[in-house]
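Beneath this line is the structure, given in structure tokens, with notes to follow.
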Amino acid sequence: MRSSIPEISTDVLIIGSGPAGLSTALHLKRLDPTWTKRMIILEKESHPRPKLCGGGVTRLGLNTLLGLGFRLPLPIPAVAVNDIALSYQGKTIHVKGDPQIMIFYRPHLDHFLAQQALQQGIRLFENEKVNQIIIDQNEIHVFTAQACYHTQVLIGADGSNGLTRRFFRPSQSHPRIARTLEILQPSPDNDLMFIQQRAEFDFTSLSQHNQGYIWHFPTLVEEQPHINYGIYDSRTNPHTPLPHLAELLKQANNPHANPDSPQLHGYPIHCFSPFNKFAMERLLLVGDAAGADPLFGEGIAPALAYGAVAAKTIVSAFQTQDFSFRTYRQNLANSYLGRYLLIRWFTAQIVYRLGKFNWFSRTLWTIGKGLGAFFPPPPHLPK
Ligand SMILES: Cc1cc2nc3c(=O)[nH]c(=O)nc-3n(C[C@H](O)[C@H](O)[C@H](O)COP(=O)(O)OP(=O)(O)OC[C@H]3O[C@@H](n4cnc5c(N)ncnc54)[C@H](O)[C@@H]3O)c2cc1C
1426 MRSSIPEIST DVLIIGSGPA GLSTALHLKR LDPTWTKRMI ILEKESHPRP
1476 KLCGGGVTRL GLNTLLGLGF RLPLPIPAVA VNDIALSYQG KTIHVKGDPQ
1526 IMIFYRPHLD HFLAQQALQQ GIRLFENEKV NQIIIDQNEI HVFTAQACYH
1576 TQVLIGADGS NGLTRRFFRP SQSHPRIART LEILQPSPDN DLMFIQQRAE
1626 FDFTSLSQHN QGYIWHFPTL VEEQPHINYG IYDSRTNPHT PLPHLAELLK
1676 QANNPHANPD SPQLHGYPIH CFSPFNKFAM ERLLLVGDAA GADPLFGEGI
1726 APALAYGAVA AKTIVSAFQT QDFSFRTYRQ NLANSYLGRY LLIRWFTAQI
1776 VYRLGKFNWF SRTLWTIGKG LGAFFPPPPH LPK
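Numbering-wise (this note's numbering), the sequence shown opens with residue 1426 and increments by one.
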């Protein structure tokens, strides 16, 4: 059967056109325009595709977009958040910045990035799902219903539930999988969150054994104001009973709760740990496949930033003809992204292991409020 489908050879094949896959391709193209014809992206869906996500992009992501030559604000609807409110049992730490994060509707953001890649001549084949991967010593073979691809290097940008991460399972006995539940509901445009340009993270559920928080984001869906809210459970300490997330969300003091709101949707997030495996011979992981920030479950900005580190590593591999990718871990560790994820991982270990103790969380918020007063907001982002 397979012999009847076309066989296509390429230097680099990227599975997934989320922020990680698209950023890797755009960075490769930026490093050397000849890469445009040396890579292919395969995407099982077609943009704009549905994607469960809060859509918050922090400065790490915005700076990565600037580094790719995009101008801010991007020409798609977004809410600029200037005040992040981190609260615990009524105590609130405000983190200010102009903007601190931009909130996008994820299908819009990914569609925009995909269009940019296509306009730059990058081959992105949509509605083409990868069904099977065979790793040989000299090549990787990737099978879809439409074709068989032979590639020198495979990039796993296929997210938390992807195929590529499975190659690392035997050596990674405890994959770090966080849980989320999300609701997206219409809201009046005079909602205080829009007026005050505020996003909220409420960590009160720490005291109910949740290793995470409840979020509320103002967002625009087809230009219409909506509130995106949900609950995040990092499972940093996997040896504790699973809290009932839907119940915790229902119990929370939530001014946006609406009995007529649409159903809750859940999705896992594969989290970063310094013990994760990021690469093997000819295969390199980016974005959620490699690991998102375990503290907030933040994955968009890291996914964009993984693309920059991956692109440099790929170019160097082709220059030296060494496809072991042994340097990728070190390249990540030396990058701003590596330090960012490591700090978030370390903080998650402390906060989510000790957060169940009320004295710990209350002290943390008291110290945080005090420290917050000493840190000036970050400089404005260049346009
Ligand atoms: C409820 C929820 C809320 C979140 N909120 C935020 C937030 O506010 N801010 C933030 O920074 N992060 C957030 N995240 C995390 C964020 O969504 C992810 O970290 C981010 O999407 C990772 O990007 P990625 O490119 O690695 O993977 P993805 O965006 O998941 O993209 C992977 C792509 O691969 C494709 N694919 C998968 N398998 C195949 C296959 N076999 N063949 C071809 N294509 C394939 C998929 O269709 C998809 O397009 C949230 C996550 C959840 C679940």
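Every residue gets a Cβ at the ideal spot worked out from N, C-alpha and C, and that includes glycine.
Model, not experiment: these values are computed from the prediction.
message: Based on DSSP bridge pairs, tell me the residues matched to Y1638.
response: DSSP lists Y1657 as the bridge partner or partners of Y1638.
field: Cβ neighbours of V1520 in the same chain (closer than 6 Å, five flanking residues each side left out)
entry: In chain order, I1509 place their CB closer than 6 Å to the CB of V1520, counting only its own chain and leaving out the 5 sequence neighbours on each side.
- request: Answer with buried or exposed for S1612, where buried requires no fewer than 16 other C-beta atoms within 10 angstroms of its C-beta.
  value: S1612 comes out buried.
- request: Give a yes or no on whether the C-beta atoms belonging to A1714 and G1587 are separated by under 7 Å.
  value: It is a contact, given that the beta carbons lie within the stated cut-off.
message: According to DSSP, simplified to helix, strand and coil, what is A1603?
response: Three-state DSSP puts A1603 in a strand.
- prompt: Do you know whose CA, among L1538, E1432 and T1449, lies nearest T1569's CA?
  reply: For T1569, the closest of L1538, E1432 and T1449 by C-alpha to C-alpha distance is E1432.
- prompt: Among S1749, F1743 and F1771, which residue has its Cα nearest to the Cα of T1435?
  reply: If you compare the alpha carbons of S1749, F1743 and F1771 with that of T1435, the shortest gap goes to F1743.
field: alpha helix (DSSP H) runs wholly inside the segment 1451-1496, at least 4 long, in chain order
entry: Complete alpha helix (DSSP H) runs here, min 4: 1484-1492.
query: Going by C-alpha distance, which of I1739, L1789, F1799 and F1782 is nearest Q1577?
result: Nearest of I1739, L1789, F1799 and F1782 to Q1577, Cα basis: I1739.
field: Span of the beta strand (DSSP E), counted from its first residue to its last, around P1693
entry: Unbroken beta strand (DSSP E) run through P1693: H1690 to H1695.
- prompt: Which same chain residues, not among the five before or five after I1565, have their C-beta less than 6 Å away from its C-beta?
  reply: So the list reads T1576, L1579 and R1707, once near-sequence residues are dropped.
message: For Y1753, report the span of its alpha helix (DSSP H) as first-last.
response: For Y1753, the enclosing alpha helix (DSSP H) covers residues Y1753 to N1759.
- request: Rounded to whole angstroms, what's the CA-CA distance from R1751 to P1804? Just pull it up for me.
  value: Spanning the two alpha carbons is a distance of roughly 37 Å.
message: Can you tell me whether R1707 is helix, strand or coil according to DSSP?
response: The answer is coil: DSSP assigns R1707 none of H, G, I, E or B.
query: Is E1648 helix, strand or coil by DSSP?
result: E1648 carries a coil assignment under DSSP once its states are collapsed to helix, strand and coil.
- request: Under 8 Å by Cβ, that's how I've got Y1530 and G1480 pegged, so tell me the actual separation to the nearest angstrom.
  value: Separation of the CB atoms of Y1530 and G1480 is rounded to 6 Å, and the pair is thereby assigned contact status at 8 Å.
task: Output the distance between the C-alpha atoms of L1757 and T1605, rounded to the nearest integer angstrom.
output: When rounded, the distance between both Cα atoms is 26 Å.
field: Status (buried if at least 16 other CB within 10 Å, exposed otherwise) for M1426
entry: Low local confidence applies: a pLDDT of 47 at M1426 is under 50, so the model's placement there is unreliable, with the coordinate-based value given in what follows. Exposed, since its Cβ has fewer than 16 Cβ neighbours within 10 Å.
- prompt: How long is the line joining the alpha carbons of S1585 and A1730, rounded to whole angstroms?
  reply: Distance between the alpha carbons of S1585 and A1730 is about 17 Å.
field: Euclidean distance between Cα positions of L1447 and Q1610
entry: Distance from the CA of L1447 to the CA of Q1610, rounded to the nearest whole angstrom, comes to 28 Å.
query: Name the DSSP beta bridge partners of R1548, please?
result: In the DSSP assignment, R1548 forms a beta bridge with I1465.
query: So does L1467 have its beta carbon nearer than 6 Å to some heavy atom of ligand 1?
result: Flag set: Cβ of L1467 near ligand 1.
message: Taking 6 Å as the cut-off, is the beta-carbon of V1555 closer than that to any non-hydrogen atom of ligand 1?
response: Taking 6 Å as the cut-off, the C-beta of V1555 counts as close to a heavy atom of ligand 1.
message: If we require 3 or more residues per run, which beta strand (DSSP E) segments fall completely within the segment 1525-1578?
response: Listed in chain order, the complete beta strand (DSSP E) runs (minimum 3 residues) inside the segment 1525-1578 are 1548-1550, 1555-1560 and 1565-1569.
- prompt: Exposed or buried, Y1761, counting other C-beta atoms within 10 Å across all chains shown (16 or more means buried)?
  reply: Exposed is the call here.
- prompt: When we look at the beta-carbon of D1747 and count the other beta-carbons within 10 Å, is it buried (16 or more) or exposed?
  reply: If you draw a 10 Å sphere on the C-beta of D1747, you find fewer than 16 other C-beta atoms in it, and that means exposed.
- prompt: A1735 to W1790, Cα distance in whole Å?
  reply: Roughly 37 Å between the two C-alpha positions.
query: For the alpha helix (DSSP H) that T1791 lies in, which residues bound it at each end?
result: Looking at the DSSP string, the run of the alpha helix (DSSP H) that includes T1791 is N1783 to G1797.
field: Supposed close pair A1671, F1642 - CB separation, criterion 8 Å
entry: Not quite, the Cβ-Cβ distance comes to about 19 Å (not below 8 Å), so this is no contact.
message: Just checking A1445 against ligand 1 - is the residue's beta carbon closer than 6 Å to any of the ligand's heavy atoms?
response: The answer is yes for A1445.
- prompt: Buried or exposed: where does R1601 fall if 16 or more other Cβ atoms within 10 Å of its Cβ makes it buried?
  reply: Around the C-beta of R1601, 16 or more other C-beta atoms lie within 10 Å, and the residue is accordingly described as buried.
- prompt: At a cut-off of 6 Å, is T1605 close to ligand 1 when judged by its beta-carbon and the heavy atoms of the ligand?
  reply: Taking non-hydrogen atoms of ligand 1 into account, the C-beta of T1605 is found less than 6 Å away from one of them.
- request: Please confirm if the segment 1766-1782 is in contact with the segment 1719-1726, defined as three or more CB-CB distances below 8 Å between the two stretches.
  value: Yes: at least three Cβ pairs fall under 8 Å.
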